[in-house]
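Following my numbering, the numbering of the sequence shown begins with -19 at its first residue and continues without gaps.
A virtual CB, placed ideally from N, CA and C, is assigned to each residue, including glycine.
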Amino acid sequence: MAPPITLTITLSAEAAARLQALAEEQHRPLKDVAQEILETALQDDLDEREEDTPDEEIEASLRRLL
-19 MAPPITLTIT LSAEAAARLQ ALAEEQHRPL KDVAQEILET ALQDDLDERE
31 EDTPDEEIEA SLRRLL
């Protein structure tokens, strides 16, 4: 597993306001809400990529790596 990284991002005013409102609504730190959203989006993207890739293609890729 890779070590954690620190990101600095710039959001539009609208996105920042929505994120702030969500954090306030959940009574959680902004950082925690943003981290959860990013991690969920990344996992969803990985899951979608796995669904889009035929099993045979995944197996062939794994064989090439080994």
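Backbone secondary structure at residue i - three-state DSSP
i: residue -8; result: coil
i: residue 61; result: With the chain represented from -19 up to 46, any question about residue 61 goes unanswered, as that position is not in the structure.
i: residue 2; result: helix
i: residue -13; result: coil
Terminal residues of the alpha helix (DSSP H) in which residue i lies
i: residue 8; result: No alpha helix (DSSP H) holds residue 8; DSSP gives it neither H nor E.
i: residue 42; result: 35 to 45
Nearest-angstrom beta carbon gap, residue j and residue i [assumed within contact, 8 Å]
i: residue -9; j: residue 13; result: Residue -9 to residue 13, Cβ: 12 Å. No contact.
i: residue 3; j: residue 10; result: 4 Å
Cβ-heavy atom distance, residue i to the ligand HEM, below 8 Å
i: residue 28; result: Questions concerning the ligand HEM fall outside what the structure shown contains, since it holds no ligand whatsoever.
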